[in-house]
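To keep things clear, I will list the structure first and then write my remarks on it.
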Amino acid sequence: MLRQQQPPARQTGDDIWKTRVDKISAELFTLTYGSVVAQLLKDHENYAEVNKHLDKMGYNIGVKLIEDFLAKSGVHRCGDFRETADTIAKVGFKIFLNITPTVANFSADSKEFSLIIDDNPLAEFVELPEDAAGELWYSNILCGVLRGALEMVQMQVEVTFVSDVLRGDDVTELRVKLVKYLEEEVPAGED
Amino acid sequence: MSPTCQFPAPKPVSSPARQNNPLYIKNCSTTYPDLKCHYVAHTSIDLIEERISATKHADQYLGLLYAMEELAVFGYITNTRVKFIIVTSLVSDVSIKDQDMKNMFRRIHNAYVTLVSCPFHDPDGKQPITSPAFEKAMAEVTTI
């Protein structure tokens, strides 16, 4: 039986965005995320804490989002980590944020890569206050989302921000590191 | 056209308490002192209030409010009661077109909207605006 050839990832992402995705106002989304971050800052006052909370929130979102993603995109299991990176950038980000970050800086052992985001819809209109500029990763929720989503497909990853245009850097860059593939674990107590 | 343009002072009136304090004042000219800008701005506010209470203004652009000495004052009010005021010095052989003024006000308004959309900006109406992006936008508007 011939294996059906998958159309190129970028085309799939585009098609799905155009046909199967419900859309909302970009401003509404940006303002909502902005008020989440502002509220977290008021509640915690400590930028490291806020980063951690954003990551946790993202994780919870990612764990659920992956199901939606797999249902909408129907992509097959990725052969290797490079394919994973491609799928995340061209299909994942495209479907949910309508952006296509660039995959770059693959490490020699193919276990780490960078995502370079050109214009981040979360950070539209945002100006960081001076004291936040050194410590707050404004879009840290994205790190959590990727971590949660990939964990549900048996990959344990670490995702961190490397640079952010809101902080005055040239590009917004995320670093994704594969820690290990998760084996199916037998729950304790069963043999 | 190059009138020496002294610049706008947006003044918010938050709906319960009408505060009318200047949020941002930029003085582009070298001949007039800052104090004069404040003075002109405050008098303009009174005029604006008069204008809007007198007629039921559907339009945001208020046009030439008044002219005194060699200064002409133009006003613009948003639906949230934030007022923008541009003061220009009258140069006798150059007439200032309404359309140009409207364009300037529109750009200021857009810059203001961008500023307010920032989640870290607190529009409580008491503190002056310190955002560098807003200042950059204002500098651009005033250097035409």
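Chains as they are written, first to last, in the numbering used here: chain A, 1 to 191; chain B, 1001 to 1144. Note that beta-carbon positions come from the ideal geometry of N, C-alpha and C, so glycine has one too.
Here A:T32 is exposed: its Cβ has fewer than 16 other Cβ atoms, across all protein chains shown, within 10 Å. In the DSSP assignment, B:T1114 falls outside any beta strand (DSSP E) and lies within the alpha helix (DSSP H) extending over 1098-1117.
The criterion of a C-beta distance shorter than 9 angstroms is not satisfied by A:T84 and A:L142. Short of 7 angstroms from the beta carbon of A:T160, and not among the five residues preceding or following it, lie these beta carbons of its own chain, in chain order: C143, R175.
Rounded to whole angstroms, the gap between the alpha carbons of A:M57 and A:V145 is 8 angstroms.
Ranked by Cα distance from A:E45, the first of A:T19, A:Y59, A:E135 is A:E135. The continuous beta strand (DSSP E) containing B:K1083 extends over residues 1083-1089. Within the segment 117-154 of chain A, the complete alpha helix (DSSP H) segments of 4 residues or longer fall at 141-152, listed in chain order. Annotation: the continuous alpha helix (DSSP H) that includes B:E1140 extends over 1132-1142.
Counting every other CB atom within 10 Å of its CB across the protein chains shown gives B:M1138 a total of 16 or more, marking it as buried. Taking 9 angstroms as the cut-off, the Cβ atoms of A:V21 and A:K52 do not count as close. Within the segment 28-62 of chain A, the residues whose Cβ lies closer than 7 angstroms to any Cβ of chain B are, in chain order, L31, G34, S35, V37, A38. Legend: CB atoms of the segment 1096-1117 of chain B lying less than 7 angstroms from CB atoms of chain A belong to residues T1114, S1117. Using a C-beta cut-off of 8 angstroms, the segment 118-130 of chain A makes no contact with the segment 65-81 of chain A, since fewer than three inter-stretch Cβ pairs fall below that distance.
For B:A1133, the neighbours in chain A by C-beta distance under 7 angstroms run, in chain order, E127.
In this chain, the beta strand (DSSP E) harbouring A:T102 covers 102-104. It is roughly 39 angstroms from the alpha-carbon of B:V1082 to the alpha-carbon of A:I61.
The C-beta of B:H1121 comes closer than 9 angstroms to at least one C-beta of chain A. Taking A:Q156 as reference, the option from A:D15, A:Y138, A:K177 with the minimal CA-CA separation is A:K177. DSSP places B:Y1066 in the uninterrupted beta strand (DSSP E) bounded by 1061-1068.
A straight-line Cα-Cα distance of about 37 angstroms links A:L41 and B:T1143. In the three-state DSSP reduction, B:T1043 falls in the helix class (H, G or I). Annotated three-state conformation of A:F161 is strand, per DSSP. Here the alpha carbons of B:H1038 and B:D1059 stand approximately 25 angstroms from one another. Sixteen is the threshold: since fewer than 16 other Cβ atoms of the shown chains lie within 10 Å of the Cβ of B:N1110, the residue is exposed. In this model, B:K1102 and A:V63 are separated by some 50 angstroms (Cα to Cα).
The straight-line gap separating the alpha-carbon atoms of B:K1097 and B:G1063 is approximately 10 angstroms.
Per DSSP, A:E45 lies in no alpha helix (DSSP H) segment and is marked neither H nor E. Cα atoms of B:T1130 and A:D55: separation of roughly 30 angstroms, rounded to the nearest angstrom.
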